[in-house]
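**Student:**
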Amino acid sequence: MKEEDIVERIQKNPKFMQFVKMRNNYSIVLSIMMMVVYFGYILLVAFNKQFLATKISAGAVTSIGIPLGVGVLVFTIVITAIYVRRANNEFDATKDEIVREASK
Amino acid sequence: MIKAKHILGGAAALLAAGAVLAAGADLGQAQKQATNWTAIVMFGLFVGITLWITKWAAAKTKTAADFYTAGGGITGFQNGLAIAGDYMSAASFLGISGLVFGSGFDGLIFSIGWLVGWPVITFLMAERLRNLGKFTFADVAGYRFDAGPIRTFAACGSLVVVAFYLIAQMVGAGQLIKLLFGLDYLVAVCMVGAIMMIYVLFGGMTATTWVQIIKAVMLLTGATFMAFAVMMQFGFSPEAMFKRAVEVHSKKDAIMGPGALINDPVSAISVGMALMFGTAGLPHILMRFFTVPSAKEARKSVGWATTWIGYFYILTFIIGFGAITNLIPNPADYFVNGEIAKGLNGGGNMAAVHLSKAVGGDLFMGFISAVAFATILAVVAGLTLSGASAVSHDLYASVWRHGNVDSATELRVSKITTVCLGIFAVLLGIVFEKENVAFMVMLAFAVACSANFPVLFMSVLWKDCTTKGAVAGGTVGLISSVALTIMSPAVWEVSLGHAKGSAMFPYASPAIFSMTAAFVVIYLVSKMDNSAQAAKERALFPAQLIRSETGVGASVSGGH
Chain A
6 MKEEDIVERI QKNPKFMQFV KMRNNYSIVL SIMMMVVYFG YILLVAFNKQ
56 FLATKISAGA VTSIGIPLGV GVLVFTIVIT AIYVRRANNE FDATKDEIVR
106 EASK
Chain B
112 MIKAKHILGG AAALLAAGAV LAAGADLGQA QKQATNWTAI VMFGLFVGIT
162 LWITKWAAAK TKTAADFYTA GGGITGFQNG LAIAGDYMSA ASFLGISGLV
212 FGSGFDGLIF SIGWLVGWPV ITFLMAERLR NLGKFTFADV AGYRFDAGPI
262 RTFAACGSLV VVAFYLIAQM VGAGQLIKLL FGLDYLVAVC MVGAIMMIYV
312 LFGGMTATTW VQIIKAVMLL TGATFMAFAV MMQFGFSPEA MFKRAVEVHS
362 KKDAIMGPGA LINDPVSAIS VGMALMFGTA GLPHILMRFF TVPSAKEARK
412 SVGWATTWIG YFYILTFIIG FGAITNLIPN PADYFVNGEI AKGLNGGGNM
462 AAVHLSKAVG GDLFMGFISA VAFATILAVV AGLTLSGASA VSHDLYASVW
512 RHGNVDSATE LRVSKITTVC LGIFAVLLGI VFEKENVAFM VMLAFAVACS
562 ANFPVLFMSV LWKDCTTKGA VAGGTVGLIS SVALTIMSPA VWEVSLGHAK
612 GSAMFPYASP AIFSMTAAFV VIYLVSKMDN SAQAAKERAL FPAQLIRSET
662 GVGASVSGGH
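Line by line, the protein sequences give chains A and B.
8 is the number that the numbering used here gives to position 3 of the first sequence; each next residue is one higher, with no gaps.
148 is the number that the numbering used here gives to position 37 of the second sequence; each next residue is one higher, with no gaps.
1. Interface residues of chain B around LYS109 of chain A at Cβ under 8 Å?
2. Does LYS100 of chain A get closer than 9 Å to chain B when you measure Cβ to Cβ?
3. Along the alpha helix (DSSP H) that carries ILE220 of chain B, what are the first and last residues, could you check?
4. Tell me which residues share the same chain as ALA133 of chain B and place their Cβ nearer than 7 Å to its Cβ, disregarding the 5 neighbours each side in the sequence.
5. Compute the beta-carbon to beta-carbon distance between ALA481 of chain B and PHE204 of chain B, rounded to the nearest angstrom, for a pair I have assumed lies under 8 Å.
6. Please report the distance separating the alpha-carbon of PHE188 of chain B from that of ALA195 of chain B.
7. Following the continuous alpha helix (DSSP H) through THR172 of chain B, name the residue where it begins and the one where it ends.
8. Which of the three DSSP states, helix, strand or coil, is assigned to PHE275 of chain B?
9. Is the distance from the Cβ of PHE216 of chain B to the Cβ of ILE71 of chain A below 9 Å?
10. Quick check: the Cα distance between MET22 of chain A and GLU106 of chain A, rounded to an integer number of angstroms?
11. If the criterion is Cβ atoms closer than 9 Å, does the pair GLN655 of chain B and THR577 of chain B meet it?
12. Determine whether the beta carbon atoms of LEU485 of chain B and LEU426 of chain B lie at a separation below 9 Å.
13. Return the bridge partner residues of SER68 of chain A from the DSSP annotation.
14. Grouping DSSP H, G and I as helix and E and B as strand, with all else coil, what is LEU455 of chain B?
15. Can you tell me the Cβ-Cβ gap for ASP575 of chain B and LYS647 of chain B, rounded? I've got them flagged as a contact below 8 Å.
16. Tell me whether LEU539 of chain B is buried or exposed, calling it buried when 16 or more other Cβ atoms sit within 10 Å of its Cβ.
17. Between B:MET387, B:VAL632, B:ILE220, which has its C-alpha nearest ASN374 of chain B's C-alpha?
18. Helix, strand or coil for PHE446 of chain B? Go by DSSP, reduced to three states.
19. Do SER467 of chain B and ALA619 of chain B have their CB atoms nearer than 9 Å?
20. Got a sec: is the Cβ-Cβ distance from ASN30 of chain A to anything in chain B below 9 Å?
21. Among the candidates B:ASP250, B:ILE439, B:ASN448, B:MET307, whose CA atom is the shortest distance from the CA of ALA463 of chain B?
22. Which chain B residues are close to GLY45 of chain A, counting only those with a beta carbon under 9 Å from its beta carbon?
23. Verify the CB distance criterion: does TRP167 of chain B have a CB-CB separation below 9 Å to chain A?
24. Pick out the complete alpha helix (DSSP H) segments inside the stretch 238-298 of chain B, 4 residues or longer, and give them in chain order.
25. May I ask which residues mark the beginning and end of the alpha helix (DSSP H) holding CYS531 of chain B?
26. Out of B:VAL273, B:ARG241, B:GLY293, B:GLN323, which has the shortest C-alpha to C-alpha gap to ILE164 of chain B?
27. To test your reading of the DSSP string, which unbroken beta strand (DSSP E) runs of 3 or more residues are found completely within the stretch 541-586 of chain B?
28. With C-beta atoms as the reference, is VAL152 of chain B less than 9 Å away from CYS301 of chain B?
29. On the three-state DSSP scale, how would you describe GLN16 of chain A?
30. By Cβ distance below 6 Å, which residues in the same chain neighbour GLY209 of chain B in space, the five residues on each side in sequence not counted?
31. What alpha helix (DSSP H) runs, 4 residues minimum, are completely inside the stretch 70-94 of chain A?
32. Rounded to the nearest angstrom, what separates LYS26 of chain A and VAL34 of chain A at their Cα positions?
33. Could you check the C-alpha separation between TYR198 of chain B and LYS109 of chain A for me, to the nearest Å?
34. Do you know whose CA, among B:SER570, B:TYR422, B:ASN242, lies nearest GLY333 of chain B's CA?
35. Measuring only the C-alpha atoms, how far is VAL341 of chain B from PRO369 of chain B?
36. Whole angstroms is fine: what's the gap from ALA181 of chain B's alpha carbon to SER62 of chain A's?
As C-alpha cells, then:
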C-alpha cells in the first residue's frame with residue numbers, strides 16, 4: 006500500500022476528524038486549566054499579597070502561599086503526566102486503529 | 112542581626128529592581144575566590160568521563176542525521192533527562208536558591224514560572240513536532256510552506272535566541288569560575304568554548320545528549336542530598352524549618368509572603384507569557400524532540416522532563432531555606448569578614464554552594480561546584496548544536512542548495528558552523544564580560560515566544576496560514592520583542608545607564624504585546640494572501656494534518 010493511498014483513506018474516514026477534534030479539545034481544555042492555575046497564582050501575587058501571607062493555622066509560621074505554590078508545581082507535573090498517560094494508551098490505540106483500517 | 116537587614120534587603124531590592132523576574136538567570140559580577148582544587152579535580156573528572164563518551168559517540172556519528180538527532184535512537188526516558196539537563200541551568204540552581212535565601216517566598220514564584228511552559232509543549236507541540244520535523248523546528252513550518260522564506264526566517268529566529276542565550280551562559284561561566292574554582296574569567300570562557308566544541312564537533316547529538324544526561328543526574332543527586340540533609344535537621348517538618356528561618360532571617364516573617372518581586376500586573380502577566388510560551392519556542396529544546404524514534408517517546412520525554420524539572424525546583428526552594436537556617440547562624444564561616452551585613456562570601460548566588468559545605472563538607476562542596484560549572488558546559492553544547500543545525504540544515508542545505516546536497520557535505524558544513532559558533536561564543540563572553548546581562552535569558556524567551564512559537568503554532572494548527580503570513584508575523588514578533596526589551600528599564604536604565612525613569616517601555620517583558628502582535632499579523636496577512644502559492648499551501652493542510660496527528664509518513668529515525 007502506497008503512503009499517498011493511506012493518507013487519502015484516512016482523510017475520508019470520518020473517525021479521523023472525530024478523533025482529531027476530540028483530542029484537540031482535550032489538549033485545549035488542559036492548556037486552559039494550566040493557564041488558569043498559573044496566571045491565577047500570579048494575579049494573586051500581584052493583587053492579594055495579604056492572602057498569600059496568611060498563616061495556614063493560628064500559631065503556625067507556614068503561610069498559605071507556600072502549599073499553594075508547591076501545589077502549582079505539583080499540579081504542573083500531574084497534569085502533564087495525565088495527558089501523557091492518556092495519549093500514550095487511549096489516543097494511540099484509536100490512532101493505530103484508524104491507520105490500520107486505512108492500510109488494509 | 113540588625114545589620115543583616117541592610118545587605119539582604121539590598122540584595123533582594125537589587126534582584127527585584129534590576130531585571131525583575133529575570134534576575135535569577137544572571138550571576139552578576141563576581142569577586143575571584145581562592146583556588147578550589149577539590150572542585151577543579153571533580154570538574155576534571157567530569158570532563159574526562161564526558162570526553163571518553165564523546166570518543167564513543169564519535170564512532171557512531173557518521174551521517175548528518177547522527178549529528179543532528181543521534182540517529183533518532185534516544186529513548187523517551189533518556190531524552191527526558193537530557194531535556195531537563197538542557198533546561199536546569201546554573202542560573203536556575205544558584206539563582207533561585209539565592210533568591211530564596213535573600214527573600215524566601217519570592218523564589219517560589221520565580222521557579223513556578225520556569226516550569227509552566229512544559230505542559231503547553233506537551234499538550235500542543237511535542238507529538239506534532241516529532242511527526243512533522245526531522246532535524247530542526249523549521250522542518251515543521253517548512254512542511255507546506257515555501258522553503259526559502261520560511262526557513263530563512265526560522266534560522267534567524269533560532270540564531271537570535273541561541274545568541275542571547277549563549278551570552279548569558281558564557282558570561283555566567285566566567286563569573287562562576289572566579290567564585291567556584293578561583294580561576295580567571297578568560298580561562299573559563301576559553302575552556303567552555305574549547306570543551307564544548309570537542310563534544311559537538313566529534314560526538315554531535317549523541318555526545319551532547321549524554322553530557323546533558325550525566326549532568327542532570329549529578330545535579331539532581333547533589334540537590335536531593337542537600338535538601339534531604341536540610342529536612343533531616345528539622346525532622347522532615349517544613350513548619351519547623353520555616354520557623355527557624357523566620358527566627359534567624361533579618362526580614363523575619365516577611366520571607367513567608369510575597370515581597371517586591373511582582374507589583375505591576377501587566378509585567379507579571381507579560382513575564383508569565385514569555386516563560387509559558389517561550390519554552391515552546393526554544394530551538395535547543397525543540398530539536399531534542401527529533402532524537403526519539405516516535406511520538407510516543409516524544410511524549411514520554413516531555414513527561415519525564417517536566418517531572419525532573421519540577422522536582423528540582425521544589426529542591427531549590429528547600430535548599431534556599433536550608434541556606435537561611437544553616438548559614439546565617441554561623442556568620443564567621445560564610446559571610447564577608449564574618450559580618451552578615453557585608454553579605455555572603457562571593458555574593459548571594461553562592462548560598463547553595465556554601466550550604467553544600469555546611470551539610471557535606473569540602474568534598475561535597477567541590478562536587479556541587481563542579482556540577483554547577485558542568486551545567487553551563489552542557490547548556491552551551493546544546494545551544495551550539497541547535498545553532499549549527501539552523502545554519503547547515505535550514506540555510507545551507509535547504510535554502511541555498513534547495514535540498515540537493517549529500518549527507519557528508521551537510522555534515523561538513525555543520526561542523527564548520529560549530530567551530531565558528533564556538534569562536535563566536537568565546538568572543539561574546541569576552542565582549543560582554545563587564546556588562547550586566549541579567550536580561551539576556553528573558554530576552555531569549557521573549558523572542559522565542561514572539562517569533563518562533565506563533566509561527567510553529569499557526570503553521571501546524573491553522574489551515575489558512577500561509578508563508579507570507581507566517582514570515583510577516585514572525586518578523587514583527589522578532590523585531591518588536593527585541594526593540595521593546597531594549598526600551599525596557601532592565602536594559603535602558605540598568606545596562607545602558609540612562610536616567611532612572613527614562614525607559615520608554617515600562618514593563619518587564621514585551622511578550623504580552625509582541626506575541627499578540629505576531630499572532631495578529633500572521634492572521635491578517637494570511638487572510639489577505641490570495642496568491643497561487645497560498646492556495647497550494649492551504650491545499651496541503653489536510654495531508655499535513657494527517658501526518659502531524661498520526662505520524663504516517665513521519666521521518667523514522669531521521670535519514671534511514
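Where a beta carbon is used, it is the ideal one built from N, C-alpha and C, also for glycine.
Nothing here was measured: the structure is a model prediction, and the numbers come from that model.
**Tutor:** Checking against the coordinates, here is how it stands:
1. Indexing the first sequence from 1 puts residue 109 of chain A at position 104. Under the 8 Å cutoff, chain B gives no residues; its nearest Cβ is about 14 Å from LYS109 of chain A.
2. Indexing the first sequence from 1 puts residue 100 of chain A at position 95. When Cβ-Cβ separations below 9 Å define contact, LYS100 of chain A makes contact with chain B.
3. Locating residue 220 of chain B in the second sequence gives position 109, counting from the first residue. ILE220 of chain B -> alpha helix (DSSP H) spans 217-226.
4. Sequence index remark: in the second sequence, residue 133 of chain B carries index 22 (1-based). In this prediction, ALA133 of chain B has a pLDDT of 38, which is less than 50 and means its spatial position is unreliable; what the coordinates show is noted afterwards. Closer than 7 Å at Cβ, skipping near neighbours: ALA549, PHE550, VAL552, MET553, ALA601.
5. Here the question's residue 481 of chain B lines up with position 370 in the second sequence. Here the question's residue 204 of chain B lines up with position 93 in the second sequence. With 8 Å as the limit, ALA481 of chain B and PHE204 of chain B do not qualify as a contact, their Cβ atoms being about 13 Å apart.
6. In the second sequence, the residue the question calls residue 188 of chain B occupies position 77. In the second sequence, the residue the question calls residue 195 of chain B occupies position 84. Cα to Cα, PHE188 of chain B sits roughly 11 Å from ALA195 of chain B.
7. Here the question's residue 172 of chain B lines up with position 61 in the second sequence. Segment: none, THR172 of chain B is in no alpha helix (DSSP H) and carries neither H nor E.
8. By one-based count along the second sequence, residue 275 of chain B stands at place 164. DSSP places PHE275 of chain B in helix when its eight states are reduced to three.
9. For the purposes of this step, residue 216 of chain B is identified with residue 105 of the second sequence, where counting begins at 1. For the purposes of this step, residue 71 of chain A is identified with residue 66 of the first sequence, where counting begins at 1. Cβ distance < 9 Å, so PHE216 of chain B and ILE71 of chain A count as in contact.
10. For the purposes of this step, residue 22 of chain A is taken as residue 17 along the first sequence, with counting starting at 1. For the purposes of this step, residue 106 of chain A is taken as residue 101 along the first sequence, with counting starting at 1. If I take the Cα positions, the gap works out to 14 Å.
11. By 1-based counting over the second sequence, the position of residue 655 of chain B is 544. By 1-based counting over the second sequence, the position of residue 577 of chain B is 466. Result no, Cβ atoms of GLN655 of chain B and THR577 of chain B do not sit closer than 9 Å.
12. Here residue 485 of chain B corresponds to residue number 374 of the second sequence, with the count starting at 1. Here residue 426 of chain B corresponds to residue number 315 of the second sequence, with the count starting at 1. According to the sequence provided, residue 485 of chain B is Ala. The question's Leu does not apply to it. Result no, Cβ atoms of ALA485 of chain B and LEU426 of chain B do not sit closer than 9 Å.
13. Within the first sequence, residue 68 of chain A is the residue found at index 63, counting from 1. Bridge partners of SER68 of chain A: A:LYS60.
14. As a first step, residue 455 of chain B must be located in the second sequence, where it is residue number 344. If DSSP states are grouped into helix, strand and coil, LEU455 of chain B belongs with the strands.
15. Position 464 of the second sequence, counted from the start, is the residue given in the question as residue 575 of chain B. Position 536 of the second sequence, counted from the start, is the residue given in the question as residue 647 of chain B. Their Cβ separation, rounded to whole angstroms, is 13 Å, which puts ASP575 of chain B and LYS647 of chain B out of contact at 8 Å.
16. Numbered from its first residue, the second sequence carries residue 539 of chain B at position 428. With 16 or more other Cβ atoms within 10 Å, it is buried.
17. Against the second sequence, residue 374 of chain B aligns to sequence position 263. That would be B:ILE220, whose Cα lies nearest to the Cα of ASN374 of chain B.
18. The residue labelled residue 446 of chain B in the question sits at position 335 within the second sequence. If DSSP states are grouped into helix, strand and coil, PHE446 of chain B belongs with the strands.
19. Residue mapping note: residue 467 of chain B aligns to position 356 of the second sequence, counting from 1. Residue mapping note: residue 619 of chain B aligns to position 508 of the second sequence, counting from 1. Taking 9 Å as the Cβ cut-off, SER467 of chain B and ALA619 of chain B do not qualify as a contacting pair.
20. In the first sequence, counting from the first residue as 1, residue 30 of chain A sits at position 25. No, ASN30 of chain A lies away from the interface with chain B (no Cβ there is under 9 Å from its Cβ).
21. Here residue 463 of chain B is taken as the residue at index 352 of the second sequence, counted from 1. For the residues B:ASP250, B:ILE439, B:ASN448, B:MET307, the minimum Cα distance to ALA463 of chain B belongs to B:ILE439.
22. Position 40 of the first sequence, counted from the first residue, corresponds to residue 45 of chain A. Within 9 Å Cβ-Cβ: nothing; GLY45 of chain A doesn't reach chain B, min ~11 Å.
23. The residue given as residue 167 of chain B occupies position 56 in the second sequence. Chain A, which has no Cβ nearer than 9 Å to the Cβ of TRP167 of chain B, makes this no.
24. 249-252, 258-291
25. Translated into positions along the second sequence, residue 531 of chain B becomes position 420. Residues 518-542.
26. Counting from 1 along the second sequence, the entry for residue 164 of chain B is found at position 53. Comparing alpha carbon positions, the residue from B:VAL273, B:ARG241, B:GLY293, B:GLN323 closest to ILE164 of chain B is B:GLN323.
27. none
28. Here residue 152 of chain B is taken as the residue at index 41 of the second sequence, counted from 1. Here residue 301 of chain B is taken as the residue at index 190 of the second sequence, counted from 1. No, Cβ-Cβ distance for VAL152 of chain B and CYS301 of chain B is not below 9 Å.
29. Here residue 16 of chain A corresponds to residue number 11 of the first sequence, with the count starting at 1. Three-state result, GLN16 of chain A: helix.
30. As a working note, residue 209 of chain B is residue 98 in the second sequence. Correct list, in chain order: GLY459, ASN460, ALA462.
31. 70-91
32. Here residue 26 of chain A is taken as the residue at index 21 of the first sequence, counted from 1. Here residue 34 of chain A is taken as the residue at index 29 of the first sequence, counted from 1. Rounded to the nearest angstrom, the two C-alpha atoms are 12 Å apart.
33. Counted from its first residue, the second sequence places residue 198 of chain B at position 87. Counted from its first residue, the first sequence places residue 109 of chain A at position 104. Spanning the two alpha carbons is a distance of roughly 43 Å.
34. Numbered from its first residue, the second sequence carries residue 333 of chain B at position 222. When only C-alpha atoms are compared, the closest one is B:TYR422.
35. The residue given as residue 341 of chain B occupies position 230 in the second sequence. The residue given as residue 369 of chain B occupies position 258 in the second sequence. Pairing VAL341 of chain B with PRO369 of chain B, the inter-Cα distance amounts to about 23 Å.
36. As a first step, residue 181 of chain B is located in the second sequence; it is residue number 70 there, counting from the start. As a first step, residue 62 of chain A is located in the first sequence; it is residue number 57 there, counting from the start. When rounded, the distance between both Cα atoms is 53 Å.
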